[in-house]
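Visitor: As they're listed, the protein sequences go chains F and V.
Taking the working numbering, the leading residue of the first sequence gets 1, the next gets one more, and so forth.
Taking the working numbering, the leading residue of the second sequence gets 1001, the next gets one more, and so forth.
Glycine included, C-beta positions come from ideal geometry on N, C-alpha and C.
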Amino acid sequence: MSEPRRHDALIDALSTELAPVRRLPPPWRRAAGWLLAVALIAAALLAHYGVADMQHRWRGAPDLAWAGIGALLTAVGAAWAAFSLGVPGRRRAWAWLPLPGALLWIGASGLGCLREWIAPQTHVASMHESSDCLLFIVGFSVPLSALLIVLLRRACPLRPVLTAAMIGLASAGASAALLEICHAFDAAATDLLMHAVAVGLVVAANAAMGGRLLAPR
Amino acid sequence: MSPALTADGPMVLDSGLSLWTGGDVDVSVEPANASDATERRRAAWMAAAQAGDKRAYERVLADSVALIRAVAHRQGVAHDQLDDVVQETLLTVHRVRHTYDPSRSYDAWLAAIAARRAIDGLRKGGRRERRELSDERAMASHPAADDTTGQAERAQQAERLRAAIAALPPGQREAVEQLGLKERSLAEAAERTGRSTTALKVNLHRALKALRGRFHGDD
């Protein structure tokens, strides 16, 4: 070992003020905690809007259900990835975890656009109605992102921007999945475009601001 | 799921993922066989330190210095800057020690923090060099016209110092204000800020180092 003596004073000072710490729970358990908050919101929305309309819609156009499942899987993968990236020494490759869910989400949504028939109890959304979707996704993403940022500030994300982008993806995915519960429009191009804009906005805003909030102090 | 199983699950996934992309932090500092036992020992010490064992903490930190230096060196940190990276890394380790999971590699955890701090150090060094270069150019193109510029320069320097202090992280700024500017004793400052005297000392030390670094070559 080379020149260890030089740091003795600092090591001494740090060990003098050492206090027992509560170990961080594993990333999957922390992600599950956040998903519980999403589940509570979903339960509230289901209680308000009921299940019947959603089921009827999904039976008529299964790709809407697949898109919702894809969005949810993206949220699960991105949240798990974000909490993993919050622990020093974990691989950057965790950031690929939301990819399969995202492919399903994008694929199923795209398929909806190509469909010729319209899902029951929906109509093709006008630009104005589509902007409601944007508000819904952004509106739910803000508190969900804030919760993730608060939880992750207790960790130590050494790649703050990548972690923040995962936070954005997780919240946008969860919000889009929640939207499926009360979504009255079919997956037409205008609506899909709004969804893409909303998700892009949430991920970009998180990467820009969350990166700074999570930067190692 | 038992704690042992939960800890093993992600580890398997991690190694699978690392095969996929290669991974980015190489922690092989010593030959695998020799390092296995020492790494397990360090992991055990850190686990004990998380529970408050000061002796184990001293040991694991002292044992970490060589690894931090090796990682920083590999990142391209100059020899005379290695100790700065070691100090910064030790301080970060202290702050985030709760993030270490004893069922996983201590060396990988430490190496990731050290690599981050080494990159931060290199960036800071790069910024300082650029600033010094532009200051030299400014001096060359704007030579002092008369004596009043001396006064203006001093005022400007004081302003820069104030700005530099204001830009320090809150803990460090507090330490400089309490101990340096208001000349309070350690005990007084500790009472007013609610921080331990050790924390104040460490913060003052870091603040002075940051300020020295910032004004290096200016005086």
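Excluding five sequence neighbours on each side, which residues of the same chain lie with their C-beta closer than 8 angstroms to the C-beta of V:Ala976?
Guide: Nothing can be reported for residue 976 of chain V: it is not among the residues displayed for chain V, which extend from 1001 to 1219.
Visitor: Using C-beta distances below 8 angstroms, list every residue in its chain close to F:Ala37, excluding the 5 sequence neighbours before and after it, in chain order.
Guide: Leu144 and Leu147
Visitor: Can you tell me whether V:Pro1169 is buried or exposed? The criterion is at least 16 other CB atoms within 10 Å of its CB, across all chains shown.
Guide: exposed
Visitor: With a threshold of 6 angstroms on Cβ separation, who are the neighbours of F:Val51 within its own chain once the five nearest residues in sequence on each side are excluded?
Guide: none
Visitor: Could you list which residues in chain F have their beta carbon closer than 7 angstroms to that of V:His1073, in chain order?
Guide: Chain F residues near V:His1073: none, gap ~10 angstroms exceeds 7 angstroms.
Visitor: Quick one: Cα of V:Leu1179 to Cα of F:Ala39, how far?
Guide: 50 angstroms
Visitor: Hey, would you say F:Gly77 sits closer than 7 angstroms to F:Gly101, going by beta carbons?
Guide: yes
Visitor: For the 8 angstroms Cβ check, are there 3 or more pairs between the region 85-92 of chain F and the region 1104-1120 of chain V?
Guide: yes
Visitor: Which residues of chain V have a Cβ atom closer than 7 angstroms to the Cβ of F:Leu18, listed in chain order?
Guide: Ala1049, Gly1052, Lys1054 and Tyr1057
Visitor: Suppose contacts are defined by Cβ-Cβ distances below 7 angstroms. Is V:Glu1058 in contact with F:Ile167 by that definition?
Guide: Cβ atoms of V:Glu1058 and F:Ile167: not closer than 7 angstroms.
Visitor: Does chain V have any CB closer than 7 angstroms to the CB of F:Ala13?
Guide: yes
Visitor: Below 7 angstroms between beta carbons: does that hold for V:Arg1104 and F:Leu158?
Guide: no
Visitor: Going along chain V in order, which residues have a C-beta closer than 7 angstroms to the C-beta of F:Val21?
Guide: Gln1050, Arg1097 and His1098
Visitor: Should the region 1197-1208 of chain V be called in touch with the region 11-27 of chain F, which here means at least 3 C-beta pairs below 8 angstroms?
Guide: Counting Cβ pairs under 8 angstroms, three or more are found: they touch.
Visitor: Check each candidate in F:Gly211, F:Ala177, F:Arg57 and F:Leu35 and name the one with the smallest Cα separation from F:His195.
Guide: F:Ala177
Visitor: For a test of the three-state rule: what should DSSP assign to V:Glu1183, helix, strand or coil?
Guide: coil
Visitor: Give me, in chain order, the residues of the same chain whose beta-carbon lies closer than 7 angstroms to that of V:Ala1175; leave out the 5 immediate sequence neighbours on both sides.
Guide: Leu1200, Asn1203, Leu1204 and Ala1207
Visitor: Apart from the five residues just before and just after F:Ala198, which ones in its own chain have a Cβ nearer than 6 angstroms to its Cβ?
Guide: Leu134, Ile137 and Val138
Visitor: Kindly say whether F:Val87, judged by its beta-carbon, lies nearer than 7 angstroms to any beta-carbon of chain V.
Guide: Against chain V, the CB of F:Val87 has a partner CB under 7 angstroms away; the residue lies at that interface.
Visitor: Please list the residues of the region 140-160 of chain F that have a C-beta atom closer than 7 angstroms to any C-beta atom in chain V, keeping them in chain order.
Guide: Ala155, Cys156 and Leu158
Visitor: Is there contact between the region 50-67 of chain F and the region 103-110 of chain F, where contact requires at least three CB pairs shorter than 8 angstroms?
Guide: yes
Visitor: So, does the CB of F:Met209 fall closer than 7 angstroms to a CB anywhere in chain V?
Guide: no
Visitor: Report back the beta-carbon spacing between V:Asp1084 and V:Gly1121 to the nearest angstrom; my notes put them in contact at under 8 angstroms.
Guide: 6 angstroms
Visitor: From the DSSP output, in three-state form, read off F:Glu17 for me.
Guide: Judged by DSSP in its simplified three-state form, F:Glu17 adopts coil rather than helix or strand.
Visitor: Chain V partners of F:Leu6, CB-CB under 7 angstroms?
Guide: According to the sequence provided, residue 6 of chain F is Arg. The question's Leu does not apply to it. Neighbours of F:Arg6 on chain V, chain order: Asp1083.
Visitor: Chain F partners of V:His1094, CB-CB under 7 angstroms?
Guide: Leu14
Visitor: Please state the DSSP three-state secondary structure of V:Gln1050.
Guide: helix
Visitor: Compute the distance between the beta-carbons of V:Val1071 and F:His7, then report whether it is under 7 angstroms.
Guide: Contact flag unset, no.
Visitor: Got a sec, what are the start and stop residues for the alpha helix (DSSP H) V:Glu1088 sits in?
Guide: Leu1082 to Arg1095
Visitor: For V:Asp1146, I'd like the list of residues in its chain whose CB is within less than 8 angstroms of its CB, leaving aside the five on either flank, ordered along the chain.
Guide: For V:Asp1146, the predicted structure reports a pLDDT of 49, less than 50, and the residue's modelled location is therefore unreliable. A value from the coordinates is still provided. Counting only Cβ-Cβ distances below 8 angstroms, and skipping sequence neighbours, we find nothing.
Visitor: From the beta carbon of V:Trp1109, is the nearest beta carbon of chain F less than 7 angstroms away?
Guide: yes
Visitor: Which residues, taken in chain order from the region 1186-1214 of chain V, show a beta carbon closer than 7 angstroms to some beta carbon of chain F?
Guide: Only those residues of the region 1186-1214 of chain V whose C-beta falls short of 7 angstroms from the nearest C-beta of chain F are listed: Ser1196, Thr1198, Ala1199, Lys1201 and Val1202.
Visitor: Give the DSSP-derived three-state secondary structure of F:Leu169 in the structure shown.
Guide: Correct three-state label for F:Leu169: helix.
Visitor: Starting from the N-terminal side, write out each stretch of the alpha helix (DSSP H) that is 4 residues or longer and does not extend beyond the region 8-77 of chain F.
Guide: 8-16, 27-49 and 52-60
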